[in-house]
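Student: This is the structure I have questions about; it appears just below.
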Amino acid sequence: MSKTTSIILILCIILVFTYISPLHAYACPLCFDASDDPIGLGAITGAQAFYSTLSSNRIETIKQDIINRYGHYSPQQWGENVDGVRTRIDTEDKIIALTFDACGQGGFSNGYDKQLIDFLIKHQIPATLFISGRWIGSNPSIFKELAQNPIFDIANHGYRHSPLSINGRSAYGIKGTTSIGEVVDEILLNEQKILNITGKKPRYFRSGTAFYDEVAVKIANELGYEVINYNVLGDAGATFTREQVRQATLSATSGSIILFHMNRPETDIADGIIDAIPELIKRGFRFVKLEEYHQKLAPRKPTVDNYFLHTVARGDSLWAIATRFGTTVQKIQNMNQLKTTVLNVGQRLQVPVKDPSLLVAPVEVNHRIARGDSLWRISNMYGANLNSIYQRNNLNQHSILQVGQRVIVPIEAIHVVSSGDTLWHISIRYGVSLQQIYQRNNLSPQSIIRIGQRIIVPPNPISW
Numbered sequence: 069m070s071k072t073t074s075i076i077l078i079l080c081i082i083l084v085f086t087y088i089s090p091l092h093a094y095a096c097p098l099c100f101d102a103s104d105d106p107i108g109l110g111a112i113t114g115a116q117a118f119y120s121t122l123s124s125n126r127i128e129t130i131k132q133d134i135i136n137r138y139g140h141y142s143p144q145q146w147g148e149n150v151d152g153v154r155t156r157i158d159t160e161d162k163i164i165a166l167t168f169d170a171c172g173q174g175g176f177s178n179g180y181d182k183q184l185i186d187f188l189i190k191h192q193i194p195a196t197l198f199i200s201g202r203w204i205g206s207n208p209s210i211f212k213e214l215a216q217n218p219i220f221d222i223a224n225h226g227y228r229h230s231p232l233s234i235n236g237r238s239a240y241g242i243k244g245t246t247s248i249g250e251v252v253d254e255i256l257l258n259e260q261k262i263l264n265i266t267g268k269k270p271r272y273f274r275s276g277t278a279f280y281d282e283v284a285v286k287i288a289n290e291l292g293y294e295v296i297n298y299n300v301l302g303d304a305g306a307t308f309t310r311e312q313v314r315q316a317t318l319s320a321t322s323g324s325i326i327l328f329h330m331n332r333p334e335t336d337i338a339d340g341i342i343d344a345i346p347e348l349i350k351r352g353f354r355f356v357k358l359e360e361y362h363q364k365l366a367p368r369k370p371t372v373d374n375y376f377l378h379t380v381a382r383g384d385s386l387w388a389i390a391t392r393f394g395t396t397v398q399k400i401q402n403m404n405q406l407k408t409t410v411l412n413v414g415q416r417l418q419v420p421v422k423d424p425s426l427l428v429a430p431v432e433v434n435h436r437i438a439r440g441d442s443l444w445r446i447s448n449m450y451g452a453n454l455n456s457i458y459q460r461n462n463l464n465q466h467s468i469l470q471v472g473q474r475v476i477v478p479i480e481a482i483h484v485v486s487s488g489d490t491l492w493h494i495s496i497r498y499g500v501s502l503q504q505i506y507q508r509n510n511l512s513p514q515s516i517i518r519i520g521q522r523i524i525v526p527p528n529p530i531s532w
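Quick look at the structure:
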């Protein structure tokens, strides 16, 4: 060995043991020892090589390193859409990613929906399967068979199927991990179980219940995972009926990630999916595994307030509009990407709705569905006609709403006829067409209106 080579080796050793953290040291390609490759993964290097040969000692080393670096963090977020979680594919391509959870909480949760999986295999519909360590323990031979099928990618659903928290938060009555060490265990112990059977480290992680704090998400990222949730809830925790599953599935758009369960054969999930898939194919969609669009995985789009469109009139200013509708100039500027306060007559502005009572009917509101919303609740919130909401959005009383979905709410004006009024005068006053008034009130050009009669004036439908 030359003197130069010896010096380089000594320097490498010093760097590894005195500067680089244990996690990064193991990820160094120069430090990979083929003797640590019992399952024949010598073709991969770096972090992949390290993670493909997890042992209990190495898990403890990683755990201590993560604790040292994240122990001072205090989480500020808790939920399904915290910072770092990917919920969609940012593309206009007509693709949909089907993802299926296998939870393994005991009882029905340990099941296997053979009808569903057989359908996917028969029609060669690719999917990403999020499998927990508990489910693998109950179904080892089935898991091995699924892992060997090239239309499926295996993803990590946690060792114990716990919500991922560094301080013991719970979700849906399921207690989360209670410390940074437990977060690492929840991820890596299941990774180890999957590695032992498949020889491949998963790339994606979803926690039990899909709840996280943002620190736990950072830790998952450190361990080499993208954290994946969804933007279409396919079966609502295996509670949807067949028709609800079908409707939820058909609500998918380009780049949707749908969450289903593959461990509940006693439910209608399989039938609902089997009903919906052919229709989506007819619409031109194809199905992909997450890895095919890995570079385009994205967080949920920034939430836009409920808003309406205001047409700038002579004398309007941002301050006057903001004051009139109970919002701020800054919010209006942000929503409309305005770099100046100068407005033009006829310009249309998105104005956030803070107080529905300040709206001037007739007007349409673009409402974002929040958790707990129903169309009945929305109609009451805005004083809108429920049937008009159904008709405007092509919905009915059985329609399933998704969090984040946009619903157009037509808020109608009531005009009380006074002396001298005609339907033409009313249409001019409110800026709507005579035909709209005829249709909404079941009238015709020959209809006679009387003083005191109440005329419903619908808003002009807007192309949002």
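Residue numbers for the sequence shown follow the working numbering, so the first one is 69 and each next one is one higher. Every residue, glycine too, gets a C-beta built ideally from N, C-alpha and C.
Have a look at alanine 452 and isoleucine 479 and give me their C-alpha separation to the nearest angstrom.
Tutor: About 5 Å.
Student: So arginine 154 packs on valine 295, CB below 8 Å; how close in whole Å?
Tutor: Rounded, the Cβ-Cβ distance is 6 Å, consistent with contact.
Student: Please report the distance separating the alpha-carbon of phenylalanine 211 from that of alanine 438.
Tutor: Those two C-alpha atoms are separated by around 36 Å.
Student: According to DSSP, proline 478 sits in a beta bridge with which residue or residues?
Tutor: BP columns for proline 478 point to Glu432.
Student: Entirely within the segment 119-195 and at least 4 residues each: give me those alpha helix (DSSP H) ranges in chain order.
Tutor: Complete alpha helix (DSSP H) runs here, min 4: 124-138, 182-190.
Student: Ends of the beta strand (DSSP E) at isoleucine 524?
Tutor: Unbroken beta strand (DSSP E) run through isoleucine 524: 522-525.
Student: List the residues that DSSP assigns as beta-bridge partners of threonine 379.
Tutor: Bridge partners of threonine 379: Arg416.
Student: So, at 6 Å on beta carbons, what are the nonlocal neighbours of glutamine 116 in its own chain, with the 5 sequence-adjacent residues on each side left out?
Tutor: Note on glutamine 116: pLDDT 40, under 50, position unreliable in the model; no value is reported.
Student: Taking alanine 223 as part of the alpha helix (DSSP H), name the residues at either end of that continuous run.
Tutor: Counting along the chain, alanine 223 falls outside any alpha helix (DSSP H), though it belongs to the beta strand (DSSP E) covering 220-224.
Student: Which residue comes first and which comes last in the alpha helix (DSSP H) that contains serine 487?
Tutor: Unbroken run through serine 487: none, as it is neither H nor E.
Student: Would you mind sorting arginine 156 into buried or exposed? The rule is 16 or more other CB atoms within 10 Å of its CB.
Tutor: Buried, because 16 or more other Cβ atoms sit within 10 Å of the Cβ of arginine 156.
Student: Could you spell out the range, first to last residue, of the alpha helix (DSSP H) harbouring alanine 211?
Tutor: Residue identity check: residue 211 is phenylalanine in the sequence provided, not alanine. From DSSP, the alpha helix (DSSP H) with phenylalanine 211 extends over 208-215.
Student: Could you give the DSSP three-state label for arginine 228: helix, strand or coil?
Tutor: Arginine 228 falls in the coil class under three-state DSSP.
Student: Taking leucine 318 as part of the alpha helix (DSSP H), name the residues at either end of that continuous run.
Tutor: Looking at the DSSP string, the run of the alpha helix (DSSP H) that includes leucine 318 is 310-318.
Student: Could you check what DSSP says for serine 501 in three-state terms: helix, strand or coil?
Tutor: Coil at serine 501, not helix or strand.
Student: Using alpha carbons as the reference points, say which of Ile163, Gly147, Thr129 lies closest to serine 322.
Tutor: Answer by Cα proximity: Ile163.
Student: What is the C-beta distance between lysine 350 and proline 194, in whole angstroms, given that I count them as a contact (C-beta under 8 Å)?
Tutor: No, lysine 350 and proline 194 are not in contact; Cβ-Cβ is about 18 Å, not under 8 Å.
Student: Count the CB pairs spanning the segment 417-424 and the segment 401-409 that are closer than 8 Å, and state whether there are at least three.
Tutor: Yes: at least three Cβ pairs fall under 8 Å.
Student: Give every residue of the same chain whose Cβ lies closer than 6 Å to the Cβ of arginine 518, excluding the five residues on either side of it in the sequence, and list them in chain order.
Tutor: Closer than 6 Å at the Cβ level, and outside the excluded window around arginine 518, lies no residue.
Student: Just how far apart, CA to CA, sit lysine 243 and arginine 228?
Tutor: Straight-line Cα distance between these residues: approximately 11 Å.
Student: Tell me the start and end of each unbroken beta strand (DSSP E) in the segment 330-358 that is at least 3 residues and wholly inside, in chain order.
Tutor: Counting only runs of 3 or more, we get 354-356.
Student: Taking 8 Å as the limit between beta carbons, can you name the residues of its chain near glutamate 160, skipping five residues before and five after?
Tutor: Result list for glutamate 160: Ser322, Gly323, in chain order.
Student: From asparagine 178 to threonine 307, what does the alpha carbon distance come to, in whole angstroms?
Tutor: Whole-angstrom Cα-Cα distance: 16 Å.
Student: Pull up the DSSP beta-bridge partners for tyrosine 272, would you.
Tutor: DSSP, once it has assigned bridges, lists Glu294 as partnering tyrosine 272.
Student: Measure the alpha-carbon distance for glutamine 132 versus glutamate 290 and round it to whole angstroms.
Tutor: Glutamine 132 and glutamate 290: Cα-Cα distance of roughly 13 Å.
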